[in-house]
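Colleague: Before we start, here is the structure in question, set down as structure tokens.
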Amino acid sequence: MAGCIALIVAAGRGQRLGGELPKQYRALGGHALMRYSVEAFLRHPRITGVRAIIHPDDRALYDRAVAGLALLDPVHGGAERQDSARLGLESLGALAPDHVLIHDAARPFPDSALIARTIDALASHDGAVAALPVTDTLKRGGANAAIAGTLDRTDLWRAQTPQGFRFAPILAAHRAAKGLALTDDAAVAERAGLSVALVPGSEENFKVTTESDLARAAARLPGGAWEYRTGLGFDVHRFGPGDTLWLCGVEVAHTHGLVGHSDADVGLHAATDAILGAIGEGDIGHHFPPSDAKWKGSPSHLFLDHAGALVRARGGAIASLDVTFICERPKIGPHRPRMIARVAEILGIELDRVGIKATTTEHLGFTGREEGMAAQAIATVRLPLGGMGR
Ligand code: MG
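Numbering (the numbering used here), first residue to last: 6 to 395.
Now the structure itself:
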């Protein structure tokens, strides 16, 4: 086979996004992240075949991610990215393409012109790398986080993928570099003395590494790619001996304490249940059974943090969380700003996404008789549409 084959490197275990899935399989607009880059190459008229390099454990995820697409059979990667790229190249030996483009699965938006530029450059060079000039001023850090110097950014570029190569020389270069730790395929080519061109990359061709990258990718999809879900939480704790209580993560002085297995933070318990409810994850007792002594006396921010992490693991975000305390005393108003700040901090969201309110029950019922406190909460969660869940 002559022509140009795209190798999609998808063997990484990178879970910096905090999810249970390697990031190339995280949900984006109803599909796995890697499907976008695979499709970009598949539909390009100058690409003759697309092959993914995957982790052996990920075969089922991969099959779902690329269902219905006409790819070459995937091959297994190695321990390091460089090993994976080499194994992908080795797998193409029988096909003997003229050119190969190596692309990271976590860059979902390589555009058609960028792919064409990279291939075009191979007419005059052994390799070609999509790259962008460095526009930020570069500082060298020194001791105690102080600046030790300012670097000259002239001639500095940020390398992206795809990185394109004439097939035979890059295969030989990778074989020669086996066992070395080089940061990209261009570095492997440079080490072998190949000529590698810089071709203009694209800001849209960013790599999804953080949750905010994933949100940026979702926002870029046409037609909006989010759904919104709402959950409700309600909790009650009885007053007992003590002179402080925990309310939404803030310790408040009072004539009584609240009794519970954990720290009895009725506000955070309601909030946690609201978030869990929005994503169909049961309730707080399911995740932190009261029968488990491990949670005795636990600070309830652990529970809320867990619920927030479950949302982030799905590529989602908490759009709003609103908590209402139901009690005669203590007065909530004076503590409201601290509670809002604490809840926002635990969840890693903006202050204006958190509401804290309180009402009395006009001295009626158990809260009116000050036998205990109740709290209710409602959470709205934004999730990528459809997709592979967590
Ligand atoms: Mg409770």
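The beta carbon of each residue, even a glycine, is placed where N, CA and C say it ideally should be.
Kindly list the residues whose CB is nearer than 8 Å to the CB of Trp-231, restricted to its own chain and excluding five residues on each side of it in sequence; keep chain order.
Modeller: For the purposes of this step, residue 231 is identified with residue 226 of the sequence shown, where counting begins at 1. So the list reads Ala-223, Arg-387, Leu-388, Pro-389 and Leu-390, once near-sequence residues are dropped.
Colleague: Please return the same chain residues whose Cβ sits closer than 6 Å to the Cβ of Pro-174, not counting the five positions on each side in sequence.
Modeller: Within the sequence shown, residue 174 is the residue found at index 169, counting from 1. Asp-131 and Leu-199, listed in sequence order.
Colleague: Let me check one thing: in DSSP terms, what residues is Pro-138 bridge-paired to?
Modeller: One-based indexing of the sequence shown puts residue 138 at position 133. Paired residues: Trp-162.
Colleague: Can you look up Val-71 in the DSSP assignment and give me helix, strand or coil?
Modeller: Counted from its first residue, the sequence shown places residue 71 at position 66. Correct three-state label for Val-71: coil.
Colleague: Specify, as a first and last residue, the run of the alpha helix (DSSP H) that His-274 falls within.
Modeller: For this step, residue 274 is matched to residue 269 along the sequence shown. Where His-274 is concerned, the enclosing alpha helix (DSSP H) stretches over 271-283.
Colleague: So, helix, strand or coil for Leu-203, using DSSP?
Modeller: As a working mapping, residue 203 is identified with position 198 in the sequence shown. Strand, per DSSP.
Colleague: State the start and end residues of the unbroken alpha helix (DSSP H) segment that holds Phe-46.
Modeller: Counted from its first residue, the sequence shown places residue 46 at position 41. Segment 38-47, the alpha helix (DSSP H) holding Phe-46.
Colleague: Per DSSP, which one or two residues make a beta bridge with Tyr-233?
Modeller: Sequence index remark: in the sequence shown, residue 233 carries index 228 (1-based). Note: Tyr-233 sits in a beta bridge opposite Arg-387.
Colleague: Does the distance from the C-beta atom of Asp-240 to that of Ala-346 stay below 7 Å?
Modeller: Within the sequence shown, numbered from 1, the residue matching residue 240 stands at position 235. Within the sequence shown, numbered from 1, the residue matching residue 346 stands at position 341. Not in contact: Asp-240 and Ala-346 (Cβ atoms no closer than 7 Å).
Colleague: Would Gly-169 pass as a contact of Ala-194 if the rule is Cβ separation under 7 Å?
Modeller: What you label residue 169 is simply residue 164 of the sequence shown in a count that begins at 1. What you label residue 194 is simply residue 189 of the sequence shown in a count that begins at 1. Cβ atoms of Gly-169 and Ala-194: not closer than 7 Å.
Colleague: Our contact map puts Leu-356 next to Ala-312 with C-beta atoms below 8 Å; I'd like the distance itself, whole angstroms only.
Modeller: Translated into the one-based positions of the sequence shown, residue 356 becomes position 351. Translated into the one-based positions of the sequence shown, residue 312 becomes position 307. About 19 Å; that fails the 8 Å criterion.
Colleague: Using the rule of at least 16 other Cβ atoms within 10 Å of the residue's Cβ for burial, across every protein chain shown, is Met-393 buried or exposed?
Modeller: Here residue 393 refers to the residue found at position 388 when the sequence shown is read from its first residue. Residue placement at Met-393 is poorly supported in this model, since its pLDDT is 37, which falls under 50; the coordinates are not used for a value here.
Colleague: Drop a sphere of 10 angstroms on the beta-carbon of Ala-128, count the other beta-carbons inside from all chains shown, and report buried for 16 or more, exposed for fewer.
Modeller: Counting from 1 along the sequence shown, the entry for residue 128 is found at position 123. It counts as exposed.
Colleague: By Cβ distance below 8 Å, which residues in the same chain neighbour Asp-218 in space, the five residues on each side in sequence not counted?
Modeller: Along the sequence shown, read from residue 1 onward, the residue named residue 218 stands at position 213. Cβ within range, chain order: Phe-211 and Lys-212.
Colleague: Taking Cβ positions, are Thr-260 and Phe-308 nearer each other than 7 Å?
Modeller: Counting from one through the sequence shown, the residue named residue 260 turns up at place 255. Counting from one through the sequence shown, the residue named residue 308 turns up at place 303. Result no, Cβ atoms of Thr-260 and Phe-308 do not sit closer than 7 Å.
Colleague: Just to confirm, is the Cβ distance from Val-328 to Ala-258 under 7 Å?
Modeller: Sequence index remark: in the sequence shown, residue 328 carries index 323 (1-based). Sequence index remark: in the sequence shown, residue 258 carries index 253 (1-based). No, the Cβ-Cβ distance between Val-328 and Ala-258 is not below 7 Å.
Colleague: Checking the sheet assignment: what are the DSSP bridge partners for Arg-56?
Modeller: By 1-based counting over the sequence shown, the position of residue 56 is 51. Per DSSP, Leu-12.
Colleague: Can you tell which of Gly-8, Ala-197 and His-291 has its C-alpha closest to the C-alpha of His-49?
Modeller: Translated into positions along the sequence shown, residue 49 becomes position 44. Comparing Cα positions, the closest option is Gly-8.
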